[in-house]
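Take a look at the structure below.
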Amino acid sequence: MKIPSLIATVTSVMLASSAFAADEPIRIGVPVGLSGANSVVAPSVVQSAELAVEEINAAGGVLGRPLELVIADDASGAAGAQKAFDSLVYQKEVDVLISMETSAARNAGLPVVSRSKVPYIYTSFYEGRSCNPYLFVDAWVPEQQVPPIVDYLNAEGAKTYFLIGSDYSFGRGMLEFARSYVESTGGAVVGEEYLPMDGSDWTAIISKLKASGAEAMITSTAGGAPNVALTKQLRGAGVDLPYANLAVDEGTAKNMGADATGILISASYVTGIDSAENKAFLDAMAAKFGDELRTPNDLSVPQYEAIYLYKAAVEKAGSTDTKAVVDVLDDVSFTGPRGTIQMSKQHHAPLTMYLGQVQEDGSVKVVETFKDVDPGEQCPKL
Amino acid sequence: MTLLLDIVTTAAILFIVSAGLLAIFGVLEIVNFAHGAWLTVGAYCAVVTGGLGLSPWLALPLAFVAGAVLGGVTERLIVRPLYSRPQDAILATWGLGIIIGQLITLGFGRDVQFTENLLSGTIHILGTDYSLYRLFALAAAVAIGLGFALLLEGTRLGLSARAVIMNQSLARALGLDTTRIRFVTFMIGTGLTALAGVLLTPLTSVDPTMGVAWLIGSFMLVMVAGSSFGALAVACLVFGGAQVLVSTFISPILGGITVAVLSALVLRISSKGFARV
Amino acid sequence: MSDALAISPSRSNAVRRRAAILGVLALVALALVIFGPMFLSRFSINVLTRSMIYAILAITVDLLWGFTGILTFGQAAFFGVGAYATAMLLTHIGSSPTLISLALVLAILVPVVLGTIVGWLSFYYGSTPIYATVISLVFPIVVTQLIYSGGTLTGSSSGMVGYSGLPFGLEGFFRLSGISLVVVTLGALIFVRSDSGRILTAIRDNETRCAYLGLNTQRIKIMLTAVLAGVAGLAGFLYANASGVVAPENTSFVFGTELVVWTALGGRGTILGPVLGAVGIDYLSASLSGELPFLWQLVVGTLFVVMIIFLPNGLAALVSRLTRRGRGEVVAGAGPELVSEAPRHHVKMVDGPLLSIDKLEKSYGSQKVLADITLDVAPGELVSLVGPNGAGKTTMMRCLTDGKESSGGVIRIAGKNIAGMVPNQIVALGVGRKFQVASVFESLTVAECLRMARASLEAPSFVAASDTLSLPPAAIEILQLTGLDQLLSTEVSLLSHGQKQSLELAMVVALEPRMILLDEPTAGLTKAERTTIGTILKKLTNELGFAAILVEHDLDFVRDISSRIVVLHQGRLVLDGSVDEVVNSDIVKTIYSGGDHV
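Residue numbers (numbering that gives the first Met the number 0), protein chains in the order written: chain A, 0 to 381; chain B, 0 to 276; chain C, 0 to 597.
Below, the structure written as structure tokens:
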């Protein structure tokens, strides 16, 4: 069944395809939230994947074979992910899955991954401890993201913290870790409050925050809407405490305008990273997408690097055979915009973390850099 | 004191959000399931106004007009053919909500949009620093309530609408043009809802699905209130107050479902809800 | 007897033929789902496994909405609860054959309990359909919220994954879901055609009439909700096993609305339409939506609105319109065999008056519509209630059949105070009410309408559509007098105004009441029809000992048949006496010369 589509049926990037005429392409399945909650960042993820594939193909492909991207919408949720994984694995018969997804979508896809034995590189930061022999993660977990923020706030003199989050796995996972880390570094948590994921009225929580006398606050809401609503209402209520936001990205910060000024964020990627690799990456993105460019971010850059990591693994293994690839995926490394990445710690990667602060013009200024932060014990059994 | 302010301002916001729905429910006896879409349309009017570099206050009249026009078209094409099938009217407006949401997505993208605040900062009142905008929302709610009271009590249209609310067939027998009354009411209701969408922008994010969060709460409040604005005000105060109290003293998560659950129970116990108030 | 012999062979042939077709279809469907995996790609097997589970849900939505008229967005929540019950048990306690069986039981039982609660909340005397729909929207939202706040117990937003359920492979689950779907579909098809299944349609058509036939429609709807919640829970159990993962969105009202969309597009009220709608659309969306995410939803949304407005009965209606035969025509002769049945005397006879009204009062606010009405009616009496428009006659009838109507005074029927009773309870005391505008079931056949009237006396079958129709002799006589006995399998919407009036009267008589209330039974009837009705009424009261209360404007008619006349004026009882006393009284002359038509 052939149907014309917006996002070309199979977003195949096959430059110099004549060179590979004889060889079957290596198919990379990208289940991603083109609709639903993740649809805000999904386009940037697709773009960075397209750039990686284009670059690799232009340089001769992998083992002489071209790469081909197969994109499927997972609707940012479990039901959509099941369809997307089924379609990619059984219909399009991809060799690997590389994707940024919600935790629900990832979990929904894992049974398919286990059953069909396809390597799966997950490129979204998440609440941690998702373990599967075929699953590798090149983005951060709470153990990497929270300490820089709390260390910084501690150094600024904050002793009492108020934690606010959306009631879902990521929100609770991040704040639970934040609480234990705050307490282990001598601080105190004077309040921890959650609102339903689609909740939009933070009134009562903000009043509690104001009454608590906290010296700093850390928030971890669902991305996008709740984050913006909370920030608007905080500013409306005149809250100007040191404000660390675990769930905001540069793009959302920009859309919040003046309300975002001063927010602290902790990320493994910000556009302002001063390295040759990052400059080359940003230039290549700008050249390829021009006006259509979606600002690269902490979710799209790991996608870019994961494709290179997969390339390195296939080349080292000498084939796309799942067992061979999975065996070497944690041995290979790639130096990209975020620095040198290797998923060497129980299928997770030590990462350099950047503490940034949102400026008045919406840009993020790097305040401090934390080298090679360890992901900790994520999957001791792997 | 903050608690008191939280309660009245929360009630005010609930009132603003559900007033347009109530107008439609009261006269047409259908629940406009595309209510959330109109809130969203209103909020995007604020985005457009901002994009054109106009004063954010101009978004208010713009949204009212846009909402009312869109409402007029909807009433004519979708609601009117379904008067005799109220359940299908629910479904059709629900489908319309999906369509509007998708069209907004195609037009503006999924991203959260930036809107300029109508009012920012705090004011010292009753011994505490309180959000100026929330107090403004309180004033806006009172203005909308009074506006409706004037409309209903003081105009011909209001008189006719009240007649339709009381007894549809009698009103028709008396020679009232019920079709026109419903048409105009639907336009006013949707216009007002879009206006509420603008009023929400300083409080929430603006994105294609923003309306959904407000949907259930307003449905329940309107079911409880029946067709009376006074009852709606009382319902907003009681249930909004309960929401703030539950959020403050028990858990904000339970607070999020307080309005819906309490309203359902109130209606179960007394099927007229607060309509007698 | 000879009649019956002539009719029943052809009729039972038709029944047998339909059963045979159904059986063959079921066998073909079974063969398809059992041998399907041999021909289908792994992708199709996977997607169709889920689609078929969803189709089971669509059937439950169709039974509620398409057949009974209860628009619900809540079926997804029962499904999700079933799925979560399974996943939580298998995750937190462990997996063994015993535990999997326990999971199956819980996956059905918990939704049934919740369904009962939701039903209780949604359906009570005086609740509106919109209210029930809104509750069906609130319920999944509450459930989803609870799952989000459940932490590791429910897996919160990430859902649950990694438990081990039934040890079937891809193909095994395809066959299991397929067989379940065939069984549920077959069960639903048999049920909706059975005598009890028709009650659902009767409730959709005219719930008030159902209540006045003594059916406790609220309880039927609560039970239906509970049972279908259990079926949805079963689907949830299948889903949790087949997919190996459960997530909050499985319980969400968004999924619930999707089910309604599939049902609507497939064709509500057809069972097969929603099944094909669910499987077709879900399969299509798995194949297409990845490529056109927003456009896909836009297309489905637009299609949905257009269908609701222009083709409310979905694609199935389009198909059946093209192939429609038989139904929709006046079918003479066909239908079940009428069997005369001795009256059951299900209501105990009492001494003293059948109806005793003492100082009845009814007011709206400060306005008194009825005041100080005191009246006794004994068995065998035919009491006519006359008076000008607005005298309170219809209000009084309403007070007699709804214990929540009156504002003061006491009404006793067969010695029982009816205060606070709802209509079906009062009907159970032996009261039958015929409304002013014929209140029948438009989309049922004549025979089905009559069977509804018997449903409260003898529990109808859940499986069979009976080919006999047992009625008390009096009811059969009405049918014969009016010719309705020749139209038993004709759809009521095709009957004339007079025929509907007669049918309603036959239904009321079939209830075997001891007191009948009639509100202008002759309005709009021809002279011949009036005479027929009059004859019947006289017979019922004189020979069979019924009591009857008649509201009537036609004084000639009243004079002919009444044993007593009561005059109401401005909410008060002004005269109560024999026909002669009343007709010749000055009061009546004054009242009626006041301008009211006679």
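Note that CB positions come from ideal geometry on N, CA and C, so glycine has one too.
Quiz prompt | First through last residue of the beta strand (DSSP E) which encompasses residue 244 of chain A | solution = 242-244
Exercise. Taking residue 21 of chain B and residue 221 of chain B to be in contact with their CB atoms under 8 Å, please state how far apart those CB atoms are, rounded to whole angstroms.
Key: 5 Å
Self-check item: Nearest-angstrom beta carbon gap, residue 63 of chain B and residue 190 of chain B [assumed within contact, 8 Å]
Solution: 4 Å
Quiz prompt | Sequence-distant residues of the same chain with beta carbon closer than 6 Å to residue 216 of chain C, five excluded per side | solution = 202, 206, 209, 210
Quiz item: Using CA coordinates, which residue listed in A/95, A/51, A/43 is at the minimum distance from residue 318 of chain A?
Solution: A/95
Practice problem: Measuring alpha carbon to alpha carbon, tell me which of C/334, C/529, C/155 ends up nearest residue 485 of chain C. | Solution: C/334
Practice problem: With a cut-off of 8 Å on the beta carbons, I'd call residue 270 of chain A and residue 249 of chain A a contact; round off their distance for me. | Solution: 6 Å
Quiz prompt | Run of the alpha helix (DSSP H) containing residue 60 of chain B, from where it starts to where it stops | solution = 58-73
Quiz prompt | Beta-carbon proximity list for residue 44 of chain C, same chain, < 7 Å, skipping 5 on both sides | solution = 36, 169, 170, 173
Quiz item: Any idea if residue 268 of chain B is buried or exposed, counting beta-carbon neighbours within 10 angstroms, 16 or more meaning buried?
Solution: exposed
Quiz item: For chain B, is any of its Cβ atoms less than 7 Å away from the one on residue 303 of chain C?
Solution: yes
Quiz item: Between the C-alpha atoms of residue 59 of chain C and residue 56 of chain B, what's the straight-line distance to the nearest angstrom?
Solution: 49 Å
Quiz item: What in chain C is Cβ-close to residue 106 of chain A, meaning under 9 Å?
Solution: 154, 157, 158, 159, 160, 161, 244, 246
Practice problem: Taking C-beta pairs closer than 7 Å, name the residues in chain A that residue 124 of chain C reaches, listed in chain order. | Solution: The premise fails here: residue 124 of chain C is roughly 34 Å from chain A at the closest Cβ pair, so nothing lies under 7 Å.
Quiz item: Counting pairs of Cβ atoms below 8 Å between the segment 576-593 of chain C and the segment 401-411 of chain C, do you hit three or more?
Solution: no
Quiz item: Does the distance from the CB of residue 87 of chain B to the CB of residue 224 of chain A come in under 7 Å?
Solution: no
Self-check item: chain B within 7 Å of residue 20 of chain A, Cβ atoms only
Solution: Bear in mind that a pLDDT of 45 at residue 20 of chain A, under 50, signals an unreliable position, so the model cannot answer this.
Self-check item: Contact residues within the segment 254-282 of chain C, judged by C-beta distance below 8 Å to chain A
Solution: 254
Exercise. Report the partner residues of residue 416 of chain C according to the DSSP bridge assignment.
Key: C/411
Practice problem: Tell me whether the beta-carbon of residue 558 of chain C lies closer than 7 Å to the beta-carbon of residue 582 of chain C. | Solution: yes
Quiz item: For residue 231 of chain C, which of helix, strand or coil comes out of DSSP?
Solution: helix
Quiz item: Do the segment 88-101 of chain B and the segment 280-289 of chain C touch if we need at least three Cβ pairs shorter than 8 Å?
Solution: no
Self-check item: Min CB distance residue 41 of chain C to chain A below 7 Å
Solution: yes
Exercise. Measure the beta-carbon distance from residue 5 of chain B to residue 286 of chain A and round it to whole angstroms, keeping in mind my assumption that it falls under 8 Å.
Key: With a Cβ gap of about 52 Å, residue 5 of chain B and residue 286 of chain A do not count as contacting.
Quiz prompt | Same chain, Cβ closer than 8 Å to residue 589 of chain C, five either side skipped, listed in chain order | solution = none
Quiz prompt | Per-residue DSSP class, three states only, for residue 147 of chain B | solution = helix
Quiz item: residue 361 of chain C and residue 405 of chain C: beta carbons closer than 7 Å?
Solution: yes
Practice problem: Just tell me which of A/336, A/247, A/315 has its CA closest to the CA of residue 276 of chain A. | Solution: A/336
Quiz prompt | The alpha helix (DSSP H) enclosing residue 62 of chain A, as first and last residue numbers | solution = Careful: residue 62 of chain A lies outside any alpha helix (DSSP H) and carries neither H nor E.
Quiz item: In three-state terms, what does DSSP make of residue 159 of chain A?
Solution: strand
Quiz item: residue 366 of chain A to residue 136 of chain C, Cα distance in whole Å?
Solution: 47 Å
Practice problem: Provide the residue(s) that pair with residue 72 of chain A in DSSP beta bridges, ordered along the chain. | Solution: A/31
Quiz prompt | Residues near residue 28 of chain A by beta carbon distance below 6 Å, same chain, minus five either side | solution = 69, 87, 93, 96
Exercise. Report the neighbours of residue 259 of chain B on chain C: residues whose CB is nearer than 8 Å to its CB, in chain order.
Key: 137, 140, 141
Quiz prompt | Identified DSSP bridge partners for residue 367 of chain C | solution = C/362
Quiz item: At a CB-CB cut-off below 9 Å, which residues of chain B make contact with residue 194 of chain A?
Solution: 246, 251, 252, 254, 255
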